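As numbered in our numbering, residues 500 to 1388 make up the sequence shown, in order. Ideal placement from N, C-alpha and C gives every residue a C-beta, glycine not left out. Note that the structure is a prediction, hence the values are computed from the model and not measured.
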Amino acid sequence: MKKIIKWGGITLLAILILLITLPFLFKDKIVAKVKEETNKSINAKVDFGEFDLSLIRNFPNFSLRVNNLSVINIEPFEGDTLVYAKQLDLTIDIMSVIKGGTIGIKKVSINSPVMYFLVNEKGKSNWDIAKPSAKQATNNEPSTFKASLKEYSISNGLIVYNDKTMPFFLKLDNVNHTGSGDFTQDLFLLKTKTLVEHGDMTYGGLQYISQAKAEIDAEIEINLKTMRFTFKDNKIKLNELFLNFSGWVMMPDTNIDMDLKYSATKSEFKNFISMVPAVFTPQFKDLKSSGTMSLDGSIKGRYNSKSMPGFGLKLKVDKGMFQYPSLPTAINNVNIDLNISNPDGIPDHTIIDLSKLHVEINNDPFDAKLYLATPVSDPAIDAFMKGKIDLDKIQKLVPLEKGTELQGIVTADLNAKGKLSSIKQKKYEQFNASGNLTITGLKYNAPNSKSKVDVSLMKLGFNPSKVSLDAFNSKIGKSDFSATGSLENFIAYALKNETLVGTLNFNSNLIDLNEFMSGEQTASGNVDTTSMKVLQIPTNINFLLSADIKKLIYQNLSIDQVSGKLEVKDQAISMKDIFMRMMDGTIKMSGKYSAININKPEFDMSLAISDFDISKTAKNFISVEKLAPITKNCSGSFSTTMTVRGDLDQKMAPVMNTLAGSGKLSTSTVVVDNFPAFVKIADVLKLSSWKSLNVPPINPSFKFVNGRVFVDPFDVTINGIKSSIGGSNGFDETIDYVMATQIPRSAIGGGANNLISGLLSSANSKGANVSIGDIIPINLTIKGTVNSPKIGTDLGKIGSNVMNDLKSKAEEEFNKKKAEAESKIKDATDKIKSDAEAKFNSEKEKATAEAERIKRENEAKAKAYTDSLKREAERKAKDQLKNLNPFKK
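Here you go:
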């Protein structure tokens, strides 16, 4: 007995030692294998933090825990995080590790992952990171990992799918998912359970699902040999909408074949309206409701880069009603009959038939219908909308956030019937479009909104050729707006995304732009603009805006009498004869802002500024301070005419080194106090009066390019001393100026005699033969930086020669920099043009192919019809011949 106990104790001790030591023995080996296999198989940067190997957590298997795992994309999604997981757990077959060679993974668990799946505008997906198999087979050794996976899970995940080609956006937050199945088999059943706390879906700029809850129980039969996935008993719950989902998906090659069906399992109207975000509130469980609903749909066909499957959806609501017990108003008599069908996946064969939509809100009826066919080739539409909505009753219908104000009347009486081709051919008599949409007394205010919205009147009139804005009067916060105008090609814009053409006459007494900016105010009172983003301009907008604004407030600037025209066209805004009063002066400008390249928006402006206050301008515009650093130390006014072009960054601020332009400056008498360069000159020449200067009016010309301003030489008399000044300064605050002065001997302090004597001796020793009279020509070089200038002096060439040399050198430098900048701009423009032509040719090829397909289809139909007529004629001829046969009887 003692021996048994002894050997039992030794065995337990050995097992304990084994449990403790094995992870240390194999930890480095397993982690090395993970890194090796990962780098073999994907084109991305994989990183992780601390990792731990244990034999206790999942005895008798190893447990590998990796913290802070990240997969970061490379080009063209450089720096974007594809996947991040706070914690990754792998359960690894211990025997596969001990034996060496293939390592088997049995279970995978991911905790708090963030997964961001992106498809860019060109259709490239960021998850396409697997290295090509052919290359892998050629250059790499076979994989030494084996997936004997039987279980996996995701807890507390965030999953985002953003497809910019559609555009489609899906966000699933707080996702918990489990799956189990024997992945070692070619044919097995995968059972999954998914819980999503918050789901949002946006398509085409419209939000269809907001903060929805989802539960999905799915059983999928997986055949890895044929790559067929059969959905068996699948249940989906979205809020309170219960769906059945069945069918199969097969991926034999690059094609995806499918035959899927779904339907609502509960027929109560209440289940359907739970998908309406405004209705599905925490009080939804108390909602009174009646009426029936049916919903079913299907997806069948092949999906690949050139085709899509057919689809269908049927929704019917009969006598729907709902009311919150705590609110006095109900929605009654909801009737909906919607049928969307596409039998073969060809977009032009889609038919949308909303034959009935009827709603009564507190006995106010609202009706609509829509029939849309051939949406690609020639949209045929038959639609109407008629009714009144009293917004004041909405807050008596559904619970709104406490403190929310909503009121106003919306009335609509609209009809449209005909084909889009009739409008394009200006055959307006063949397209019936008429009616109006009016909003009166609209007031909206929410507790978290910055400004109250008040639309006293908006009136739209519709006819086949255009939509007219007959009146628009509103206030948002302190800002007021009034406008009239018209929109043309509206139906083609809505149905086929063609260009919308419009004119708008806009007036306002006051617009406070700070009310519309998301940034917080800084300590100086300015609005923090770090949250500003690039202004994107749609490709299919062609607007002409005429504006007259009495006062415009931006940050701490007050701008008066703003007027002019803006044209929005070809992803650009052109400004024509814009006039405004600001900085105690006026400004006129024309130019263009272009967002064709959204990553590098550009602007090109011409400005005529009159009597601007120098100190105010430098304080409010950092670009002016960069162009002329001396303005920080000046008081007075200036005028200028100039042209400037350059790039903007992603926060709409100028990229200083890309600015290029030229102009002419004129000033009033300007006082310059304690500008470091002049303070240094005063110290060198012992001219204390130069620490504060009265500079008479000047009129220099200037150019700037590639981060540097070149000032042409100009003459000026400063404190009784005639001077010529020219040179350059950089946006990096470096300075390089020459100042040729004619200083009266009487103006020089006694302490400067040693300086003069030294300069004279130095100049004559070089053969200059300079003599000193009553006027001393001193050339000053001003280098270094704005705040740390370095002053040099000499008695060399006379001032005009110095300035001529300087002007020639500056012109040469400017032309060089200008040529470099223009070359870069041309290369960028050529690339954009090339990309645009490629896109146009691609779209042209698609359109030609579609037209050819339709042509062939029509020819086939015509031939079939002709053949049928021919056969019918032959049949009749034979019958007639039979009747004429004398032997027939």
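Distance between residue j and residue i (C-alpha atoms, nearest Å)
i, j, result
"K670", "T693", "15 Å"
"L869", "Y660", "31 Å"
"T637", "S1161", "Reliability of the predicted coordinates at T637 is poor, the pLDDT of 46 falling under 50, and the value obtained from them is presented with this limitation in mind. Between T637 and S1161, the C-alpha separation is close to 59 Å."
"N834", "A882", "17 Å"
"K734", "W747", "15 Å"
"S788", "K769", "6 Å"
"G886", "L913", "10 Å"
"T780", "A711", "11 Å"
"I516", "K606", "Legend: pLDDT at I516 = 39, less than 50; position of this residue unreliable, value from coordinates given subsequently. Cα-Cα distance, rounded: 25 Å."
"S1299", "V1204", "Only weak support exists for where S1299 lies, its pLDDT of 49 falling under 50; the coordinates are left without a value."
"L648", "I609", "14 Å"
"S967", "S1007", "20 Å"
"G548", "N560", "23 Å"
"K1099", "H676", "41 Å"
"L1292", "K1150", "Leu is not the amino acid found at residue 1292; the sequence shown has Thr there. So the alpha carbons of these two residues sit roughly 44 Å apart."
"L521", "E650", "Confidence in L521 is poor, its pLDDT being 43 and thus under 50, which makes the residue's placement unreliable; the coordinate value appears in the next sentence. Computed Cα separation, rounded: 24 Å."
"I1067", "I1095", "A small fix is needed here, since residue 1067 is Val in this sequence, not Ile. One C-alpha to the other measures close to 12 Å."
"T983", "N972", "9 Å"
"D546", "H848", "49 Å"
"E577", "D588", "27 Å"
Best match in the options for proximity to residue i [C-alpha to C-alpha]
i, options, result
"P842", "K965, T701, M807 and L896", "M807"
"E696", "G704, Y707 and E714", "E714"
"F1201", "L1126, A1152, T1157 and P751", "L1126"
"L581", "G603, P612, K605 and D588", "P612"
"D1076", "I1058, Q1054, K1099 and A1107", "A1107"
"P751", "Y1092, S1245 and L723", "L723"
"K1115", "D1148, M1081, G1090 and S1062", "M1081"
"P874", "D866, S840 and E904", "S840"
"T701", "V1154, F668 and V1210", "F668"
"M1155", "S1167, E1101 and S1134", "E1101"
"G698", "I975, F930, D672 and S1109", "D672"
"F730", "K736, I719, L740 and N738", "I719"
"A879", "N931, S985 and I721", "N931"
"Y583", "S1287, V570, D1146 and E997", "V570"
"K1179", "I860, T1284, I908 and L1147", "T1284"
"I604", "F682, K623 and G622", "F682"
"K799", "I845, D1112 and K815", "I845"
"I653", "K623, D1214, F616 and T691", "T691"
"F744", "I908, Y992, D795 and N1193", "D795"
"I1058", "I1086, V1237 and Y707", "I1086"
"T764", "E739, L853 and S1222", "E739"
"G1001", "S981, K965 and P1128", "K965"
"S1191", "F1209, V1171 and N566", "V1171"
Cβ separation of residue i and residue j, assumed to be a contact under 8 Å, to the nearest whole Å
i, j, result
"N572", "N625", "5 Å"
"L786", "S762", "The pair is not a contact, with the Cβ atoms about 23 Å apart (cut-off 8 Å)."
"S1448", "S1089", "In this structure the chain extends from 500 to 1388, so residue 1448 is not present and cannot be described."
"G1084", "D1110", "4 Å"
"T1142", "K1163", "Contact doesn't hold; Cβ gap of about 11 Å is too wide."
"A1176", "P1288", "4 Å"
"I1281", "I1242", "That belief does not hold up - the Cβ atoms of I1281 and I1242 are roughly 16 Å apart, past 8 Å."
"N832", "K818", "6 Å"
"Q1060", "F1042", "Actually they do not touch by this definition, with Cβ atoms about 23 Å apart."
Contact under 8 Å by Cβ, residue i with residue j
i, j, result
"S709", "P776", "yes"
"L941", "D979", "no"
"L959", "L936", "yes"
"I772", "F810", "no"
"L1012", "L1044", "no"
"T1130", "G1145", "no"
"P1196", "T1216", "no"
"E987", "N1039", "no"
"L563", "I591", "yes"
"E1014", "A945", "no"
"A543", "I658", "no"
Any non-hydrogen atom of the ligand ATP closer than 7 Å to residue i Cβ
i, result
"S1089", "Among the components modelled here there is no ligand, and therefore nothing to report on the ligand ATP."
Taking the runs of the beta strand (DSSP E) that are 3 residues or longer, which of them lie wholly in the region 663 to 729? 667 to 679, 686 to 702 and 705 to 722
Could you tell me which uninterrupted alpha helix (DSSP H) segments, each at least 4 residues in length, are contained entirely in the region 937 to 1020, listed from first to last along the chain? 989 to 995
With a floor of 3 residues, list each beta strand (DSSP E) that falls wholly inside the region 1037 to 1066, ordered by position along the chain. 1040 to 1053
Taking only runs that begin and end inside the region 1118 to 1168, name each unbroken alpha helix (DSSP H) of 4 or more residues, in chain order. 1121 to 1126
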